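Notes to accompany the following structure.
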DNA sequence: AAATAATTTGAAAAGGGTTACCATAAAGGA
DNA sequence: TCCTTTATGGTAACCCTTTTCAAATTATTT
């Protein structure tokens, strides 16, 4: 059974293919009568335009590529929804890829997406080095970076002010009276690094010593934070507050604290970042920073699509979009029990 | 700046387009020397084959459509990963859509995906009615249903044995000594319904009365289960165990139980379904049923791709794949405190 | 009524690959 | 030497839609 084409429809309707094309694409200059007749035939014959043929001639696929580290991570799944829904509203489809926080994998998918003929790219991953950026620029496809700052001509990005957010967290804990504040570092990506820098800066600003064991690193595994906190608190009981690099880590921290029969927030204050959806559902609702994940996806996609609408990429000025975070005070933090030093 | 085409490459290399095509597609009958030379030129000129042109002639897009209710739900994000990764391994891209548990939206995306020219569909949503199924069948695109049973000729699906899983949960609680077991129903989809049927069947089997207030319904909102449980337990203190329709609901239940100063599992046993990744990270690690979400995505995608490889869809026999669930005993259940009735 | 403008339609070419088929050159066998 | 094979490259048709440009029709103005 052969596929129904625009020619078949035009033959049946007794008009030219161009007229059918006009009707499909809602162009002006078609008589209402003709339109109605052709539409009827299209419906009867279940005609669906061949998108490949169209793409070939209009030189667009109306497809965007999205690279995130991990779709299962609630942070990125929310961000991805922002992207997908915004794209859909603008008649774009999204192909999603996972870089697994690995630059090589990220590059592999980048190539793959280019070969797939996406019109533009949304990249929410990769600690970008110059080689990679040059590669990206040489591709001549518009792209927008998410959750990643890179001030270079021609680079568009959407971030939240992670340094400010990180500062707020530390200031908050210090105001509560905490001095021995531990920080659980996350993967080596922009937002994690900013948060960590803020931690160091604010501690220093208040003349608080950062003992070497205050700083620990959790990789990607969800149990990491739990294990590390367990070890940390067994050894060092002077710590009164722990900052997780994100809410996932905070959940692991909470579990470890519980296991050691310490109370939150009485014995240990715990704070997260991101405000993932279960943060408020936890037994002790988590104090955290709300990161506008969805908005980030939306803003980046809108920006990308607006670039795609211009005919000349080079004419488009680069743009930085910086979103607001907000501090969400819940129940996982309180004043320290005893003054320690 | 015009795009580099296969003809340009062939001209530069001094060979025919066909030869270049052979090299790109790894066909035999190309001299090693020629191949090397052409590959070099392709690289130098950054030549990327035009996928639209290729799709047009081979009549495939190597794209699959995936419809899930909600990508942010950990159940579906894990399932989606299974789909995306399996697709990628087989050189397929995936366009993801969210139906939001709404049939109309689901149908809208179905049409959209068809127009996008996907080669096949993976549908993990929609309580399918006959009209919809007929529509699906009339489209003549291969598709596989996920987490949804439908025994009809020509229908392929992948499910887990939710009835069995549901039975295990209830049997387990009864064995622990529970009699007054409440059940929090979920959205009206296959797996939820099966679980609920199992609850009723096993309770009946053991001669246990299902009081009308045992059964409550939570919609999609994450706070639902919390609110409902709060109301439930305030009114009815004879309940000793609550079954959530999924782990999300269980988290809400736990929060409510905590708020009422009841202990888990001493005062109330709580059990979930699905085994989402944070289930084991909770303060009280959640006893639940492990649902093979990832495997489900993988199996369905493999099945779909194997159908796509045959030349004639009608020749493909329909296939049901039923996956194993497993009971995960953690710490959220125990014997009831007092014998109640 | 003629001239002009606006609307409606169509023919042919273009877009970039793949494929079927054909042509040639080199190698091997009778 | 001549005829098959085998290996390799070339040609032209085709996939289906949009685009360009021009022609035909209808409406409006003078």
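Protein chains in written order, with the working numbering: chain A, 1 to 341; chain B, 1001 to 1341. A virtual CB, placed ideally from N, CA and C, is assigned to each residue, including glycine. Note that the coordinates shown come from a computational prediction; the quantities given were computed from them, not determined experimentally.
Exercise. Would you kindly work out how many angstroms separate the C-alpha atoms of residue 1124(B) and residue 171(A), rounded to a whole number?
Key: The residue you call residue 1124(B) lines up with position 124 of the second chain. The residue you call residue 171(A) lines up with position 171 of the first chain. So the alpha carbons of these two residues sit roughly 46 Å apart.
Quiz item: Within 10 angstroms of its Cβ, does residue 1118(B) collect 16 or more other Cβ (buried), or is it exposed?
Solution: Counting from one through the second chain, the residue named residue 1118(B) turns up at place 118. Buried, since its Cβ has 16 or more Cβ neighbours within 10 Å.
Self-check item: Reduced DSSP category for residue 1296(B) - H, G, I as helix; E, B as strand; rest coil
Solution: Position 296 of the second chain holds residue 1296(B). Helix, per DSSP.
Exercise. Classify residue 68(A) as buried or exposed, calling it buried when 16 or more other Cβ atoms lie within 10 Å of its own Cβ.
Key: What you label residue 68(A) is simply residue 68 of the first chain in a count that begins at 1. With 16 or more other Cβ atoms within 10 Å, it is buried.
Practice problem: Could you tell me which chain B residues have their CB closer than 8 Å to the CB of residue 336(A), listed as they occur along the chain? | Solution: On the first chain, residue 336(A) is found 336 positions in, with the first residue counted as 1. Chain B residues near residue 336(A): none, gap ~21 Å exceeds 8 Å.
Practice problem: Compute the distance between the beta-carbons of residue 252(A) and residue 227(A), then report whether it is under 9 Å. | Solution: The residue given as residue 252(A) occupies position 252 in the first chain. The residue given as residue 227(A) occupies position 227 in the first chain. Yes, they are a contact pair.
Quiz item: So, is the C-beta of residue 1098(B) closer than 9 Å to a C-beta in chain A?
Solution: Numbered from 1 along the second chain, position 98 holds the residue referred to as residue 1098(B). For residue 1098(B), the answer is yes, since a Cβ of chain A falls inside 9 Å of its Cβ.
Quiz item: Any heavy atom of the ligand MN closer than 8 Å to the CB of residue 49(A)?
Solution: This structure simply doesn't include the ligand MN, nor any ligand for that matter.
Exercise. Could you tell me whether the Cβ atoms of residue 1240(B) and residue 1309(B) are closer together than 9 Å?
Key: What you label residue 1240(B) is simply residue 240 of the second chain in a count that begins at 1. What you label residue 1309(B) is simply residue 309 of the second chain in a count that begins at 1. Contact flag unset, no.
Exercise. Residues of the stretch 1286-1310 of chain B with a CB closer than 8 Å to any CB of chain A: list them in chain order, please.
Key: For the stretch 1286-1310 of chain B, the set of positions with a beta-carbon nearer than 8 Å to some beta-carbon of chain A is empty.
Exercise. Please name the residue, chosen from 1002(B), 1040(B) and 1031(B), that lies closest to residue 1013(B) on a Cα-to-Cα basis.
Key: As a first step, residue 1013(B) is located in the second chain; it is residue number 13 there, counting from the start. Comparing Cα positions, the closest option is 1040(B).
Self-check item: Pair within 9 Å by beta-carbon distance, residue 287(A) and residue 329(A)
Solution: On the first chain, position 287 is the one that residue 287(A) refers to. On the first chain, position 329 is the one that residue 329(A) refers to. Judged by their CB atoms, residue 287(A) and residue 329(A) are nearer to each other than the 9 Å cut-off.
Self-check item: Straight-line gap, residue 27(A) to residue 58(A) (C-alpha atoms, nearest Å)
Solution: By one-based count along the first chain, residue 27(A) stands at place 27. By one-based count along the first chain, residue 58(A) stands at place 58. Their Cα atoms are separated by approximately 15 Å.
Quiz prompt | Cβ pair residue 180(A), residue 265(A) closer than 9 Å | solution = If you number the first chain from 1, residue 180(A) lands on position 180. If you number the first chain from 1, residue 265(A) lands on position 265. No, the pair does not count as a contact, with Cβ atoms beyond the cut-off.
Quiz item: For residue 382(A), which of 148(A), 267(A) and 74(A) has the nearest alpha-carbon?
Solution: No answer is possible for residue 382(A): it lies beyond the span of chain A, which begins at 1 and ends at 341.
Quiz item: Considering only residues of the same chain and omitting the five flanking positions on each side of residue 1277(B), which have a CB-CB separation below 7 Å?
Solution: Taking the first residue of the second chain as position 1, residue 1277(B) is located at position 277. Only 1074 meet the Cβ criterion.
Exercise. Please name the residues in the stretch 236-257 of chain A whose beta-carbon is closer than 7 Å to at least one beta-carbon of chain B, in chain order.
Key: 251, 252, 254 and 255
Quiz item: Can you name the start and end residues of the beta strand (DSSP E) that residue 334(A) belongs to?
Solution: As a first step, residue 334(A) must be located in the first chain, where it is residue number 334. Here residue 334(A) belongs to no beta strand (DSSP E), and DSSP marks it neither H nor E.
Quiz prompt | N-terminal and C-terminal residue of the alpha helix (DSSP H) that residue 39(A) is part of | solution = Mapped onto the first chain, residue 39(A) falls at position 39. Residues 32-44.
Practice problem: Starting from residue 1288(B), trace the alpha helix (DSSP H) both ways and give me its first and last residue. | Solution: Within the second chain, numbered from 1, the residue matching residue 1288(B) stands at position 288. Element bounds for residue 1288(B): not the alpha helix (DSSP H) but the beta strand (DSSP E), 1288-1290.
Quiz item: Under a CB-based cut-off of 9 Å, is residue 1055(B) close to chain A?
Solution: Sequence index remark: in the second chain, residue 1055(B) carries index 55 (1-based). So, interface residue.
Quiz item: Given a limit of 8 Å on CB to CB distance, which residues of the stretch 1073-1087 of chain B reach chain A?
Solution: 1074, 1077, 1078, 1080, 1081, 1084 and 1085
Practice problem: Can you give me, in chain order, the residues of the stretch 1272-1284 of chain B that have a beta carbon less than 9 Å from any beta carbon in chain A? | Solution: 1277, 1278, 1280, 1281, 1282, 1283 and 1284
Practice problem: Examine chain A for any beta-carbon lying closer than 9 Å to the beta-carbon of residue 1005(B), and answer yes or no. | Solution: As a first step, residue 1005(B) is located in the second chain; it is residue number 5 there, counting from the start. Taking 9 Å as the threshold, the shortest C-beta distance from residue 1005(B) to chain A does not fall below it.
Quiz item: In terms of residues, what are the limits of the beta strand (DSSP E) holding residue 1094(B)?
Solution: Locating residue 1094(B) in the second chain gives position 94, where the first residue counts as 1. Per DSSP, residue 1094(B) belongs to the beta strand (DSSP E) from 1093-1098.
Practice problem: Spell out the partners DSSP gives residue 1183(B) in its beta bridges. | Solution: Within the second chain, numbered from 1, the residue matching residue 1183(B) stands at position 183. Answer by DSSP bridge pairing, in chain order: 1215(B) and 1243(B).
Quiz item: So, is the C-beta of residue 1094(B) closer than 9 Å to a C-beta in chain A?
Solution: In the second chain, counting from the first residue as 1, residue 1094(B) sits at position 94. Residue contact with chain A for residue 1094(B): present (Cβ-Cβ distance below 9 Å to some residue of chain A).
Quiz item: Would the stretch 40-49 of chain A and the stretch 91-102 of chain A be scored as touching if the rule is three or more Cβ pairs under 8 Å?
Solution: No, they do not touch.
Self-check item: Secondary structure of residue 8(A), DSSP reduced to three states
Solution: The residue you call residue 8(A) lines up with position 8 of the first chain. Helix at residue 8(A).
Self-check item: One or two residues paired with residue 120(A) in a DSSP bridge
Solution: Translated into the one-based positions of the first chain, residue 120(A) becomes position 120. Its beta-bridge partners are 64(A).
Quiz item: Counting only beta-carbon atoms, is residue 341(A) nearer than 9 Å to chain B?
Solution: Start at 1 with the first residue of the first chain, and residue 341(A) comes out as number 341. Model confidence at residue 341(A) stands at a pLDDT of 44, short of 50, so the residue's coordinates are unreliable and nothing is read from them.
Practice problem: Name, in chain order, the residues that DSSP records as bridge partners for residue 156(A). | Solution: Mapped onto the first chain, residue 156(A) falls at position 156. According to DSSP, which records beta bridges pairwise, residue 156(A) is partnered with 144(A).
Quiz item: For residue 274(A), which beta-bridge partners are listed by DSSP?
Solution: For the purposes of this step, residue 274(A) is identified with residue 274 of the first chain, where counting begins at 1. The partner list for residue 274(A) (beta bridge, DSSP) reads 290(A).
Quiz item: Between residue 352(A) and chain B, is there a C-beta pair that is closer than 9 Å?
Solution: Residue 352(A) falls outside the range modelled here, since chain A spans only 1 to 341, and no answer is possible.
Quiz item: Are there three or more Cβ pairs, one per stretch, closer than 8 Å when the stretch 1133-1141 of chain B is compared with the stretch 1283-1303 of chain B?
Solution: no
Practice problem: Express the C-alpha separation of residue 164(A) and residue 341(A) in angstroms, rounding to a whole number. | Solution: By one-based count along the first chain, residue 341(A) stands at place 341. By one-based count along the first chain, residue 164(A) stands at place 164. Bear in mind that the predicted position of residue 341(A) carries a pLDDT of just 44, short of 50, making it unreliable; the figure below should be weighed with that in mind. Rounded to the nearest angstrom, the two C-alpha atoms are 26 Å apart.
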